[in-house]
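Asks: In our numbering, the protein residues as written are 3 to 285.
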Amino acid sequence: MVRESFWQTSSSPDGRNTWTRRPTCGILVIGDEILNGSTIDTNSHYLCAKLHKRGVGVKKIAVIGDNVNEIASEIRLFSGLYDVVLTTGGIGPTHDDRTFEGLGMAFDEELEINKELFQVVEVFLKKTKLADVDSAVEKFCKIPKAAQLLWGEEAAPQTPEQMTIFPSVQLKNVICFPGVPKFCRLAYDQLENTLFPRDRARNFYNETLYLKRNEVYLQENLTKIAETFKNRPNVTIGSYPIMDNNYFKTKLVVEAADPAEGMEAMEKLKSEFKGQEGVWNYF
3 MVRESFWQTS SSPDGRNTWT RRPTCGILVI GDEILNGSTI DTNSHYLCAK LHKRGVGVKK
63 IAVIGDNVNE IASEIRLFSG LYDVVLTTGG IGPTHDDRTF EGLGMAFDEE LEINKELFQV
123 VEVFLKKTKL ADVDSAVEKF CKIPKAAQLL WGEEAAPQTP EQMTIFPSVQ LKNVICFPGV
183 PKFCRLAYDQ LENTLFPRDR ARNFYNETLY LKRNEVYLQE NLTKIAETFK NRPNVTIGSY
243 PIMDNNYFKT KLVVEAADPA EGMEAMEKLK SEFKGQEGVW NYF
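Quick look at the structure:
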């Protein structure tokens with residue numbers, strides 16, 4: 003499904019099997035409506051927040067239009083760079099829903115009607131009482147020949163009439179979600195524990211330090227500390243201004259794959275800014 007390398011496990015101190023490294027993810031947001039500003043993309047924000055909580059590192063988000071060649075090119079690129087690729091948008095019965103075409107082109111796969119998906123979609127669309135159900139069903143269900151359906155933790159229904167969830171389409175390490183925010187969230191949520199099992203996720207270090215001074219006055223010392231970790235790519239130190247608080251003016255966030263390295267960075271920050279006028283540590 004996704005790359006096997008991070009699924010190789012090692013034992014944690016509490017005896018659990020955990021990932022040997024932090025999984026990576028790329029997100030592709032597909033749709034002309036995003037690029038022309040008529041629709042606000044909330045899907046990538048939701049996915050980033052959920053993935054971060056599971057210890058998955060989102061490395062890049064790209065927004066592209068409904069152009070098959072561009073979709074294929076970006077999918078191919080992202081697939082080679084990241085452990086898992088999530089796409090949102092471009093799935094549906096209309097002429098500009100072209101994600102599956104792009105997915106097939108990316109991996110030189112012909113499209114065909116998936117019989118299992120056809121049965122599910124047919125039942126679903128007939129419930130909506132659409133006039134031209136047949137053509138809509140065919141467009142929905144034409145996916146790359148080698149693609150498979152992902153149902154998540156719930157088993158696939160015995161019959162289409164028993165369907166309470168909708169499957170996602172997956173080819174290699176690429177998984178396609180709908181563009182409608184409600185359905186995108188449902189699709190991710192039902193797959194989350196299948197893709198990134200909670201009991202195998204590592205406890206990545208994440209700590210926040212709030213300061214009373216504006217980051218403009220901290221940047222020299224902060225840069226000095228950041229420089230000491232520049233050769234440790236698994237440690238990040240972020241500085242963010244706080245605009246809507248009368249007390250705190252800067253938020254420093256330390257993240258690290260190795261908790262020991264994260265704590266080392268945080269201790270350096272606490273030591274550097276401790277006792278300075280207008281600085282109060284809260285963590």
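Every residue, glycine too, gets a C-beta built ideally from N, C-alpha and C.
Computed from a prediction, not measured in an experiment: that's the story for all the values here.
Determine the direct distance from the alpha carbon of S137 to that of T238, and round the result to whole angstroms.
Replies: Those two C-alpha atoms are separated by around 50 Å.
Asks: For the stretch 179-247, list the beta strand (DSSP E) runs that are entirely contained and at least 3 residues long, ordered along the chain.
Replies: As far as the stretch 179-247 is concerned, its whole beta strand (DSSP E) runs of at least 3 residues are 207-213, 237-243.
Asks: Mind checking which residues open and close the beta strand (DSSP E) that includes K253?
Replies: Looking at the DSSP string, the run of the beta strand (DSSP E) that includes K253 is 252-258.
Asks: With H, G and I counted as helix, E and B as strand and the rest as coil, what does DSSP make of A64?
Replies: In the structure shown, A64 sits in a strand (DSSP, three-state: E or B).
Asks: For S273, does the three-state DSSP call read helix, strand or coil?
Replies: In this structure, S273 counts as helix in the three-state DSSP scheme.
Asks: Could you compute how far the alpha carbon of G82 sits from the alpha carbon of M245?
Replies: The straight-line gap from Cα to Cα measures roughly 39 Å.
Asks: Apart from the five residues on each side of it in sequence, which residues of its chain come closer than 7 Å, Cβ to Cβ, to L88?
Replies: Excluding positions up to five away in sequence, the list reads C27, I29, L49, I177, F179.
Asks: Report all residues from its chain with a CB closer than 7 Å to the CB of E274; omit the five preceding and five following residues, and keep chain order.
Replies: Excluding sequence neighbours, E274 sits near N223, I227.
Asks: State the start and end residues of the unbroken alpha helix (DSSP H) segment that holds G28.
Replies: Where G28 is concerned, there is no enclosing alpha helix (DSSP H), although the beta strand (DSSP E) it sits in stretches over 26-32.
Asks: If you reduce the DSSP assignment to three classes, tell me which class S75 lands in.
Replies: S75 falls in the helix class under three-state DSSP.
Asks: Helix, strand or coil for K147? Go by DSSP, reduced to three states.
Replies: Looking at K147 - three-state DSSP - the assignment turns out to be coil, as it is neither helix nor strand.
Asks: Can you have a look at T196 and say buried or exposed, based on whether 16 or more other CB atoms are within 10 angstroms of its CB?
Replies: Exposed: under 16 other Cβ atoms inside 10 Å.
Asks: In angstroms with no decimal places, state the Cα-to-Cα distance between V122 and L151.
Replies: Their Cα atoms are separated by approximately 11 Å.
Asks: With distance defined between alpha-carbon atoms, name the residue in N208, P25, E114 nearest to G264.
Replies: It is N208.
Asks: In whole angstroms, give me the CA-to-CA distance for I115 and K144.
Replies: Each residue's Cα considered, the two are about 4 Å apart.
Asks: What's the C-alpha gap between Q221 and T96?
Replies: Their backbone Cα atoms lie some 51 Å apart in a straight line.
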